[in-house]
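Written out below as structure tokens is the structure these notes cover.
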Amino acid sequence: MRSSTLIRTIQATGNSFFIDSPPRSRSLLVRELWYPKFPSDLRMSTVANIQPKTNIQMAFHGGFSVSDDASDTIPILTTSQVLDGLKTHHEESNKVNKQTYSAMYSSVFGGITTDPAYMVISMDDHMVHRGHGIFDTAAIVNGYLYEVEQHIDRFLKSASMAKIKPPFDRAKLRSILIQTVRASGCKNGSLRYWMSSGPGNFQLSPSKYSKSALYAIVIEPPTPIGIEGVKVITSSIPMKPPLFATMKSVNYLPNVLSKMEAEKNGGFAAIWVDEEGYIAEGPNMNVAFVLDNGILTMPRFDGILSGCTAKRALLLADQLVKSGQLHGIQVRHVNVQEGKSAREMMLIGSGIIVKPVVQWDDVMIGNGKEGEVARALLDLISEDMKSGPSSVRTPV
Ligand SMILES: Cc1ncc(COP(=O)(O)O)c(C=O)c1O
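Mapped onto our numbering, the consecutive letters of the sequence shown carry residue numbers 42 to 437.
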């Protein structure tokens with residue numbers, strides 16, 4: 042018998058090992074069990090929670106070394122320990138994040154789970170290790186999905202740009218999304234969904250044998266919407282070229298770094314400006330301005346994400362033209378000088394709806410207060426979410 046160490050006594054009789062550990066329950070790592078006749082690379086490790094004076098039954102004769110200092114050794118877990126680990130991890134993170142994941146669909150599981158601990162995807166999924174995936178969202182408002190058709194259109198367009206063949210046709214995909222929200226019981230929250238080129242291997246391009254995958258999750262509660270004006274900065278993180286900026290892929294590293302840059306500088310978002318000096322968008326929102334002539338002006342969408350909220354705002358803003366609050370609506374290139382001297386600036390996106398900007402870098406926007414048009418647009422979109430036409434509200 043070979044034995045290392047800190048354990049006081051180990052006795053072996055036949056298949057049974059008696060460990061005389063100190064008089065308290067402890068976790069011991071039985072580090073190396075081996076069959077004497079086998080080469081050393083067939084050694085196994087296991088972890089045992091051993092009570093004082095415990096008999097450990099071994100299924101073979103052999104040798105082992107045991108240490109009660111498990112801190113430097115990574116345990117090899119059983120399936121139930123892995124599942125317990127997932128559960129504990131979720132409970133711990135939930136205490137801090139205070140977000141509820143009330144249902145997840147996975148085409149890999151082939152159904153919906155409501156247990157947040159197991160809302161996971163596989164390591165060999167190409168969306169995980171290569172970023173070969175796309176996603177989209179839709180708000181859940183009073184038991185209705187808001188603009189889900191428009192979001193699905195964009196989702197399918199992104200999939201086509203990313204060369205991912207959808208695992209289902211549009212009708213089935215839509216039905217899965219609705220059923221996932223229904224199973225969640227969520228009335229107000231957000232639905233997110235991803236399409237991946239699928240699990241199967243760790244190559245760069247997807248395996249010809251793997252199938253694309255669909256995942257969807259319901260998240261509660263919704264992000265609080267506020268009208269308080271925010272500061273933005275100009276992003277120093279390079280913006281994505283149009284091919285990548287116009288599709289909603291999971292490659293959000295530039296967006297993440299840009300948001301972090303804003304936060305580090307006391308801002309809410311960082312705004313991208315393209316090489317020609319035209320204003321593009323924020324990391325997960327579009328931008329809009331009310332120029333000095335009273336015209337609502339949005340940057341063109343050809344090199345940025347075509348925001349569903351911004352597009353809806355353009356339609357709803359017509360009411361503000363009719364009421365005289367706006368003198369017109371236009372989509373065109375806007376340069377930084379025009380943007381910074383605008384009467385109003387606002388951020389628009391499904392996560393924030395409409396957020397007035399009161400400062401961009403060191404420049405105060407308008408009179409430095411939340412603008413009237415931003416307020417009016419927030420009211421119009423909020424109302425549209427609660428009682429808009431059936432083209433934008435899908436019952437769950
Ligand atoms: C880069 C980017 N631009 C704009 C938007 C706004 O789009 P939407 O209004 O559809 O949320 C988003 C939203 O996710 C985004 O990620």
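Just so you know, even glycine gets a beta-carbon here, dropped at the ideal spot from N, CA and C.
Sheet register partners of residue i (DSSP bridge)
i: residue 177; result: 234
i: residue 154; result: 145
i: residue 434; result: 187
i: residue 293; result: Bridge partners of residue 293: none, in fact.
i: residue 439; result: The requested residue 439 is not part of the displayed model; the chain covers only 42 to 437.
i: residue 400; result: 272, 405
i: residue 311; result: 274
i: residue 119; result: Paired residue(s): none; residue 119 is not in a bridge.
i: residue 385; result: 331
i: residue 390; result: 394
i: residue 320; result: 314
i: residue 369; result: 336
i: residue 166; result: 240
i: residue 306; result: According to DSSP, residue 306 bridges with nothing at all.
i: residue 376; result: 319
Straight-line gap, residue i to residue j (C-alpha atoms, nearest Å)
i: residue 175; j: residue 252; result: 15 Å
i: residue 142; j: residue 254; result: 20 Å
i: residue 348; j: residue 113; result: 49 Å
i: residue 426; j: residue 163; result: 35 Å
i: residue 192; j: residue 116; result: 44 Å
i: residue 367; j: residue 337; result: 7 Å
i: residue 129; j: residue 120; result: 14 Å
i: residue 351; j: residue 118; result: 49 Å
i: residue 379; j: residue 277; result: 20 Å
i: residue 207; j: residue 213; result: 11 Å
i: residue 314; j: residue 131; result: 39 Å
i: residue 250; j: residue 144; result: 29 Å
i: residue 428; j: residue 218; result: 21 Å
i: residue 435; j: residue 136; result: 32 Å
i: residue 227; j: residue 316; result: 43 Å
i: residue 411; j: residue 431; result: 31 Å
i: residue 516; j: residue 377; result: Residue 516 falls outside the range modelled here, since the chain spans only 42 to 437, and no answer is possible.
i: residue 159; j: residue 391; result: 27 Å
i: residue 190; j: residue 209; result: 16 Å
i: residue 151; j: residue 138; result: 28 Å
i: residue 123; j: residue 147; result: 20 Å
i: residue 161; j: residue 303; result: 30 Å
i: residue 220; j: residue 292; result: 28 Å
i: residue 297; j: residue 311; result: 10 Å
i: residue 215; j: residue 133; result: 33 Å
Test item: CB-CB of residue i and residue j under 8 Å
i: residue 330; j: residue 273; result: no
i: residue 405; j: residue 397; result: no
i: residue 361; j: residue 414; result: yes
i: residue 372; j: residue 319; result: no
i: residue 299; j: residue 324; result: yes
i: residue 187; j: residue 200; result: no
i: residue 167; j: residue 267; result: no
i: residue 222; j: residue 437; result: yes
i: residue 321; j: residue 288; result: no
i: residue 196; j: residue 165; result: no
i: residue 265; j: residue 230; result: no
i: residue 402; j: residue 275; result: yes
i: residue 294; j: residue 257; result: no
Residue nearest to residue i in terms of C-alpha spacing, selected from the options
i: residue 2; options: 182, 125, 212; result: Residue coverage of the chain in this structure runs from 42 to 437, which leaves residue 2 outside it and unanswerable.
i: residue 149; options: 235, 302, 312; result: 235
i: residue 211; options: 315, 194, 247, 430; result: 194
i: residue 417; options: 385, 217, 124; result: 385
i: residue 420; options: 389, 431, 403; result: 389
i: residue 333; options: 257, 382, 315; result: 382
i: residue 154; options: 307, 184, 259, 204; result: 259
i: residue 185; options: 284, 225, 312; result: 225
i: residue 171; options: 244, 355, 202; result: 244
i: residue 357; options: 394, 216, 133, 317; result: 394
i: residue 327; options: 316, 241, 355; result: 355
i: residue 205; options: 124, 370, 173, 307; result: 173
i: residue 198; options: 409, 359, 285; result: 285
i: residue 345; options: 290, 256, 136, 305; result: 290
i: residue 370; options: 339, 232, 392, 237; result: 339
i: residue 307; options: 316, 271, 294; result: 271
i: residue 247; options: 294, 312, 203, 257; result: 203
i: residue 169; options: 157, 237, 152; result: 237
i: residue 282; options: 343, 134, 124; result: 343
i: residue 335; options: 292, 353, 407, 312; result: 407
i: residue 127; options: 140, 147, 156, 146; result: 156
Any non-hydrogen atom of ligand 3 closer than 7 Å to residue i Cβ
i: residue 304; result: Absent from the structure shown: ligand 3. Ligands present: ligand 1.
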